[in-house]
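Residue numbers (my numbering), protein chains in the order written: chain A, 118 to 272; chain B, 1234 to 1518.
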């Protein structure tokens, strides 16, 4: 049977972490499942954890728009869902729904924050990885702001 | 004015200069502003374009524009046109029975035959799927001739802005090609992906050492797609892009479509990226 530490070792997000660090992170994790359509978290609620998606697809939705919610991003296996656990005020900014059946590893944010406070090297490793994820999604978001598909060249 | 170094001044064949009349036999709405027209020659055998080539479509009395071929079969010609200006709007408005002028086909095509034996990834954005449609059909028709992974990645603004939605669903259902479709924004209930199409390249299955990539869409989308392909280790000479410039004569004489030392109508519109890399970095071009 695959242990949590082994799952993390194979995840791109945790690539390069030392085995003892992976064990520390794995100590705050547990495997979870969501049925298709299930609400994973809701905007404004406390952000107590984050997820490493292992199977399935998740939609991030914004509700403050006319005409109902909008899906602003979908995440797939291998992606990390949620960074609000790491940054104050530790509340979700969007809703997250399972588009399909989802299997994931959930990490307890309070548990990880406590370990990061006690071990700054672990804190640096995690913040670096989340910063990289935030930067990548910011860059893709900037590209979407350009509305590239709307610029046809035909006359 | 300096002529492009490789310009040829030989007279083009008459068929390339004189529009041939084609009759509209079918007109199908794809999106709010995009239509697919099926054309048959009013006389003769019609034309047999290669995947990726374009024709000059003439709305009589309005004007002529370059339009990529989105289908061809037995002399019938299919064009998918987005109404963004006077000429394209007139072409989109042509109903069955109307006659349009056609010159061509012109330009280079997608390297479908050259890709045999290799993985293939096709990356399309917006109306950029239209010039790739015949290549995708050829890839599926001769699927066994290509490598283990043949993938179509397609992005659009919203689900309603996607071209050929029924065909995409059928293509995915038949399962010969991997199909990934993404949009910038969607309502709940959309079961595809939400995000930009270059992002899909990162997770796509292909062998970077041997894959052949065919990319078509707005230039900025192609730039980001090329960057994602290069990050995966795909060599520049294995990445093919379809460029769009102000093509007028389509036979390499007028120079309107000059792109550095090349003329897009004659040397393109499909180029390998190793020929374009330096040019795409020049903002004035």
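Yeah, the Cβ is synthetic: ideal placement off N, Cα and C, and Gly gets one too. Values in this document were obtained by computation on a predicted structure and should not be read as measured data.
Counted as a single uninterrupted DSSP element, the beta strand (DSSP E) harbouring residue 1388 (chain B) occupies residues 1383 to 1389. Distance from the Cα of residue 1436 (chain B) is smallest, within the candidate group A:151, A:124, A:123, A:196, for A:196.
With a threshold of 16 other beta carbon atoms within 10 Å, residue 1491 (chain B) meets it and is buried. Chain-order list of chain A residues neighbouring residue 1472 (chain B): empty, with the shortest C-beta distance near 18 Å, by a criterion of under 7 Å. Per DSSP, reduced to three states, the secondary structure at residue 1505 (chain B) is strand. With respect to residue 202 (chain A), residue 251 (chain A) sits apart: the two C-beta atoms are not nearer than 8 Å. Taking residue 1441 (chain B) as reference, the option from B:1454, B:1324, B:1471, B:1453 with the minimal CA-CA separation is B:1471. Excluding five sequence positions before and after residue 209 (chain A), the CB atoms of its chain that fall closer than 7 Å to its own CB belong to 158, 159, 160, 161, 162, 164, 201, given in chain order.
Counting only runs that start and end inside the region 210 to 237 of chain A, the alpha helix (DSSP H) elements of at least 4 residues fall at 226 to 235. A contact is defined here as three or more CB-CB pairs under 8 Å, and the region 1488 to 1503 of chain B meets this definition with respect to the region 1282 to 1299 of chain B. In terms of CA proximity to residue 129 (chain A), A:169 leads the group A:144, A:169, A:259.
When the Cα atoms are used, residue 1473 (chain B) and residue 1346 (chain B) turn out to be separated by approximately 13 Å. The three-state reading of DSSP puts residue 1276 (chain B) in coil, since its state is none of H, G, I, E or B. Closest by C-alpha distance to residue 1368 (chain B), out of B:1378, B:1355, B:1359, B:1335, is B:1355.
In the structure shown, residue 1449 (chain B) falls within a strand segment according to DSSP collapsed to helix, strand and coil.
Excluding sequence positions up to five before and after residue 1392 (chain B), its CB lies within less than 6 Å of the CB of 1416, 1419, 1423, all in the same chain and listed in chain order.
Residue range 166 to 172 is occupied by the beta strand (DSSP E) that includes residue 166 (chain A), with no alpha helix (DSSP H) assigned at that position. Residue 216 (chain A) belongs to the set of residues whose beta carbon lies under 8 Å from a beta carbon in chain B. In this structure, residue 1295 (chain B) places its C-beta atom within 8 Å of the C-beta atom of residue 1320 (chain B).
Listed along chain B are 1419, 1421, 1423, 1427, each with a C-beta nearer than 9 Å to that of residue 176 (chain A). From the beta-carbon of residue 261 (chain A), the residues of chain B found nearer than 7 Å are 1417, 1429.
Residue 120 (chain A) and residue 233 (chain A) have their C-alpha atoms spaced approximately 22 Å apart. Under the Cβ criterion of 8 Å, residue 1328 (chain B) is not counted among the residues facing chain A.
Secondary structure at residue 1436 (chain B): helix, using DSSP grouped into helix, strand and coil.
Around the beta carbon of residue 1324 (chain B), a 10 Å sphere encloses 16 or more other beta carbons of the protein chains shown; the residue is thus reported as buried.
Rounded to the nearest whole angstrom, the CA to CA distance from residue 1380 (chain B) to residue 1407 (chain B) is 17 Å.
Shown here, residue 129 (chain A) sits in a helix according to DSSP, grouped into three states.
Excluding residues up to 5 positions away in sequence, 165, 166, 202 lie with their Cβ nearer than 6 Å to the Cβ of residue 226 (chain A) in the same chain. Contact with chain B is absent for residue 124 (chain A), since none of that chain's Cβ atoms lies less than 8 Å from the residue's Cβ.
Beyond the five residues adjoining it in sequence on each side, residue 1480 (chain B) comes within less than 7 Å, by CB distance, of 1299, 1489, 1490, 1497, 1498 in the same chain, given in chain order.
DSSP links residue 1441 (chain B) through a beta bridge to no other residue. Nearest to residue 190 (chain A) by alpha-carbon distance, out of A:179, A:137, A:151, is A:179. A Cβ-Cβ contact shorter than 8 Å links residue 214 (chain A) with residue 176 (chain A). Secondary structure note for residue 139 (chain A): its alpha helix (DSSP H) is the uninterrupted segment 136 to 143. Note on geometry: alpha-carbon atoms of residue 1463 (chain B) and residue 221 (chain A) lie some 30 Å from one another.
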